[in-house]
Amino acid sequence: MKKFKSKLKIFNNIKKEEIRSANKVLRTGVLSGFMGSIEKGSEDKYFGGEFVNKLEKNWSKFYNVKHAISVNSWTSGLTVAIGSLNIEPGDEIIVSPWTMCATATSILQWNAIPVFADIEEDTFCLDPKKVIKLINKKTKAILTVDIFGQNSNFDALKSICKKYKIKLIADSAQSPFSFYKKKFVNDYADIAGFSLNTHKHIQTGEGGILVTNNDFLAKRMKMLRNHGEAIVNNKNLLPNMLGGNFRMNEIEAAIAIEQLKKLKKIVTKIQKNTNSLNKELSKLYGLIVPKVRKNCTHSYYINALRINEKYTKVKRDIIFKELQKEGINFIFKGYQLLHLLPMYQNKIAYGSKGFPWANFNKKVSYKKGICPISEKLDKEIICMEMCFYDFNKENIKEIINKFTNVWKKLKIKKLR
Ligand SMILES: *Cc1c(COP(=O)(O)O)cnc(C)c1O
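Under the numbering used here, the sequence shown is numbered contiguously, ending at residue 419.
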């Protein structure tokens with residue numbers, strides 16, 4: 004494998020600001036401010052400590068949203084979001100198959116049934132036209148994924164939700180600073196949220212943030228985060244909540260406070276890099292760069308490059324191997340297709356008797372072919388991780404050269 008001549012720097016935004024902030028917490032000795040009970044005198048502590056509260060305040064100001072609720076991972080966040088809807092076992096939630104596994108398992112955590120709808124070919128997000136066809140009396144929500152850094156088709160999804168009186172949840176883990184018509188995700192989705200795991204644009208190691216403008220759902224989510232109904236002595240107005248410990252600690256919150264301040268700068272730099280890269284890559288015959296929705300922005304967590312073999316006359320997998328040989332080690336082939344995972348193929352979430360499908364919903368199909376666009380795109384794309392290195396201008400130039408070399412070597416026709 005060839006090396007880069009221009010030095011590649013590992014992407015790392017943890018600098019002196021984060022270290023100082025985390026140290027502030029360490030010096031106090033109070034590493035979590037949460038208490039798991041609502042007793043007289045400790046009511047405030049039920050909602051976390053000083054840094055958790057400051058983070059949530061800063062986050063809601065930044066995103067212009069009523070409630071920001073921190074959790075210990077975005078996987079926890081998704082579980083809390085679905086739990087707050089108070090759905091029945093066997094209810095259906097329509098979800099994208101083109102995402103990380105946690106998106107759909109959050110539905111199964113509540114014994115509800117994920118129903119996979121296909122995606123739009125040019126954005127990789129849920130296709131509203133496919134979603135509509137799957138709605139029935141059991142459908143309680145749409146869980147869309149703002150995948151790779153771009154928001155879903157919120158205008159269309161929102162109007163579907165309004166018509167059928169169901170909720171819109173957005174998994175915005177990969178799109179923390181993306182605009183849909185000049186607004187953030189929380190202006191469209193009933194509940195949305197972000198991941199702060201170590202691979203994302205900004206991080207706290209592990210962590211996540213939920214956002215909502217809905218007071219009732221916010222209240223429920225804060226309860227679910229901290230043991231829910233198990234700690235409430237009767238007379239509560241928010242019933243049926245199997246809570247857990249999904250609380251963020253003070254060190255993570257202190258780091259997140261500093262990371263949030265850097266978010267805009269981080270995303271803007273990645274956008275600049277990706278735009279100058281894609282401007283050149285789009286000239287390569289048979290390579291299709293991501294399309295950005297009109298009046299929207301893209302955070303480019305992943306730069307998804309489509310290889311159209313009809314034009315290249317060379318297989319995607321061969322191009323991929325050659326790119327790797329050139330030293331491009333921040334790419335992978337295809338993406339996760341959830342409906343084809345063994346759990347869905349076997350329809351067993353836990354136990355051995357096919358729960359929850361056998362009990363509630365035998366009909367839902369996870370057969371190969373139910374999401375043809377996803378299945379086709381999986382064979383076409385090469386994903387480039389834009390948060391893998393802290394790319395500079397020279398790196399970008401070199402990536403362009405390496406791509407051009409591969410196209411030359413494989414004798415793929417050049418457009419211009
Ligand atoms: C990262 C990610 C998650 C999970 O987030 P964690 O914080 O790692 O639990 C969920 N959905 C998508 C689309 C993600 O990229």
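Beta carbons: idealized from backbone N, C-alpha and C, even for Gly. Since the model is a prediction, treat every value here as computed from it, not as a measurement.
- Residue burial annotation: Met103 is buried, with at least 16 other C-beta atoms found within 10 angstroms of its C-beta.
- Under the three-state reduction of DSSP, Gly86 is assigned to helix.
- Inter-residue distance for Ser73 and Ser279 is about 35 angstroms (C-alpha atoms, whole angstroms).
- When secondary structure is reduced to three states using DSSP, Val367 falls in the coil class, being assigned neither helix nor strand.
- Here Phe333 is near Glu388, since their CB atoms are less than 8 angstroms apart.
- Look at His342 here: in three-state DSSP terms it is helix.
- In the structure shown, the three-state DSSP call for Met387 is strand.
- For Phe323, the enclosing alpha helix (DSSP H) covers residues 319-328.
- In this chain, Glu95 is not harboured by any alpha helix (DSSP H); it is covered by the beta strand (DSSP E) spanning 95-98.
- Under the DSSP definition of a beta bridge, Phe119 partners with Val98.
- Within 10 angstroms of the beta-carbon of Gln348 lie fewer than 16 other beta-carbons, which makes it exposed.
- With contacts defined as CB atoms closer than 8 angstroms, Pro100 and Leu340 qualify as a contacting pair.
- Looking at the backbone, the Cα of Ala221 and that of Leu413 are separated by about 55 angstroms.
- Between Ser24 and Glu261 the beta-carbon gap is near 5 angstroms, inside 8 angstroms, which marks them as a contact.
- Between the region 77-94 and the region 243-253 there are three or more C-beta pairs closer than 8 angstroms, enough to call the two in contact.
- Restricting attention to Ala361, Ala233, Tyr369, Glu255, the CA atom closest to the CA of Lys27 is found in Glu255.
- By the Cβ criterion, the region 183-192 is in contact with the region 287-301, since at least three pairs of Cβ atoms, one from each stretch, lie closer than 8 angstroms.
- With contacts defined as CB atoms closer than 8 angstroms, Lys225 and Phe65 fail to qualify as a contacting pair.
- Boundaries of the alpha helix (DSSP H) around Leu160: 157-167.
- The residues Asn276, Ser279, Leu280, in chain order, have a CB closer than 7 angstroms to that of Ile399 in the same chain once the five nearest residues on each side in sequence are set aside.
- Between Val188 and Asp149, the C-beta spacing is below 8 angstroms.
- Burial state of Ile212 is buried, judged by a 10 Å Cβ sphere holding 16 or more other Cβ atoms.
- Shown here for Ala307: same chain residues with a beta carbon closer than 7 angstroms to its own, the five before and five after excluded, namely Phe127, Phe151, Pro293, Ile384, Cys386 in chain order.
- Per DSSP, the beta-bridge partners of Phe197 are Ile212.
- Ranked by Cα distance from Asn395, the options Trp113, Lys203, Thr271 are led by Thr271.
- Nearest in C-alpha terms to Ile110, of all of Asp130, Asn89, Asp121, is Asn89.
- Around the Cβ of Tyr304, a 10 Å sphere holds 16 or more other Cβ atoms; the residue is buried.
- Boundaries of the alpha helix (DSSP H) harbouring Asp218: 218-228, taken from the DSSP string.
- The region 12-24 and the region 401-416 do not touch, with fewer than 3 CB-CB distances between them shorter than 8 angstroms.
- CA-CA distance, Gln177 to Lys268, rounds to 16 angstroms.
- In this structure, His230 lies near Gly39, with their beta-carbon atoms less than 8 angstroms apart.
- Considering only Asn216, Cys164, Lys6, Ala173, the residue with the shortest C-alpha distance to Val68 is Asn216.
- For Ala105, the shortest separation between its Cβ and any heavy atom of ligand 1 lies below 7 angstroms.
- A distance below 7 angstroms between beta-carbons, with the five flanking residues on each side excluded, links Met346 to the following residues of its chain, in chain order: Ala352.
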